[in-house]
Amino acid sequence: MECEEIRAALSARLDGEQANIADEVIDAHLGACEECRAWYERAVRLNRALTVGPADGMPEISTDDLSERILVSIEPERRRRERAWLLIAGTARGVLIALGLCWAVWGIATLVDASDMMTLGLSSTQPQDGAGIATSTGAPIDGSTATVDPMELGARLAIQLAAIRLALAVGLFWAAWRPRAAMGMAPVYGAVATFSIGFGIRDILIGAQGASEIAGLALMFVSALTLAVVWLGGYTPTAIAQAWRAASGLPVTGVPPQRD
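Sequential numbering of the sequence shown, starting at 6, is according to my numbering.
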């Protein structure tokens with residue numbers, strides 16, 4: 006539970022109002038947080054000074070001073086955290102653009118490799134005459150089944166892989182432009198990263214994965230992680246903390262709405 010929420014509830018308790026947090030939650034927080042406990046003790050003394058007179062050695066403080074002190078102690082910390090979180094979320098959107106460019110360049114490079122493989126496959130399967138000119142022999146005439154050239158098969162697989170990489174790039178660009186789309190995209194990218202890394206661990210351990218394959222796994226992981234940050238960037242830190250408490254089965258006061 007955030008300290009500013011507890012202090013706001015304690016202020017309501019001192020004013021005789023109904024707090025929006027259960028009393029047992031407030032008392033449990035006071036038992037664990039020394040700063041809030043000290044703040045509450047000061048507030049009690051101030052409240053007593055306003056209602057029944059100043060305590061021994063306690064100067065008289067006006068109501069305006071008390072309200073100002075309470076607001077000053079609550080607001081700055083919350084605003085500082087929200088500004089820092091907004092900065093992180095904004096930076097993550099820029100990182101998404103950079104990651105999208107990486108995927109796009111990688112996809113285009115894969116297409117170029119596929120084109121080269123296709124060209125080599127066609128040149129290796131066509132017979133040549135005495136002058137070195139390729140000639141077409143047509144279908145087999147002995148009834149045998151034509152075999153698929155390995156280079157052509159590899160080119161087709163490379164084209165499919167290039168399409169996937171370009172699609173990942175487009176998805177990251179879209180999430181950077183429309184951050185709310187990251188909520189639906191983060192689980193997809195996270196699942197792809199999880200399975201890719203899971204299947205690639207064995208190859209990495211036996212040395213079958215090259216540097217480019219390991220870089221691809223790292224790129225997928227960073228993409229999924231950045232998408233998650235952009236998604237959570239639409240919520241305040243207080244909302245994220247309360248959602249985590251709710252997922253953990255702890256009492257919460259309600260999750261604030263998502264930012265526009």
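Where is the CB? At the ideal position from N, CA and C, for every residue including glycine.
Fair warning: this is a prediction, and the values are worked out from it, not measured in the lab.
Apart from the 5 residues on each side of it in sequence, Cys107 sits with its Cβ closer than 7 Å to the Cβ of Leu224 in its chain, given in chain order. For Ala168, the uninterrupted alpha helix (DSSP H) segment begins and ends at Pro155 to Trp182.
Per DSSP, reduced to three states, the secondary structure at Asn52 is helical. Just so you know, the alpha carbons of Met156 and Ala94 end up roughly 45 Å apart. One alpha carbon belongs to Leu15, the other to Ala191, and they sit about 39 Å apart. Between Gln214 and Gly203, the CB-CB gap reaches or exceeds 8 Å. Within the same chain, and ignoring the five residues on either side of Thr231 in sequence, the residues whose Cβ sits closer than 7 Å to its Cβ are Ala97, Val100, Leu101 and Leu104. Counting only the Cα atoms, Ile11 lies some 8 Å from His34.
Shortest Cα-Cα distance from Phe200 to any of Ala216, Trp44 and Ala229 involves Ala229. About 4 Å separates the Cβ atoms of Ala167 and Leu116, confirming a contact at the 8 Å cut-off. Remark: C-beta atoms of Ala109 and Ala174 approach each other more closely than 8 Å.
Distance between Arg50 and Ala13, taken at the CA atoms: about 16 Å.
Here the alpha carbon of Val30 sits roughly 18 Å from the alpha carbon of Gly21. For Tyr240, no alpha helix (DSSP H) segment is defined, and its DSSP state is neither H nor E.
Of all alpha-carbon atoms in Leu19, Arg18 and Ile26, the one lying nearest the alpha-carbon of Glu7 is that of Ile26.
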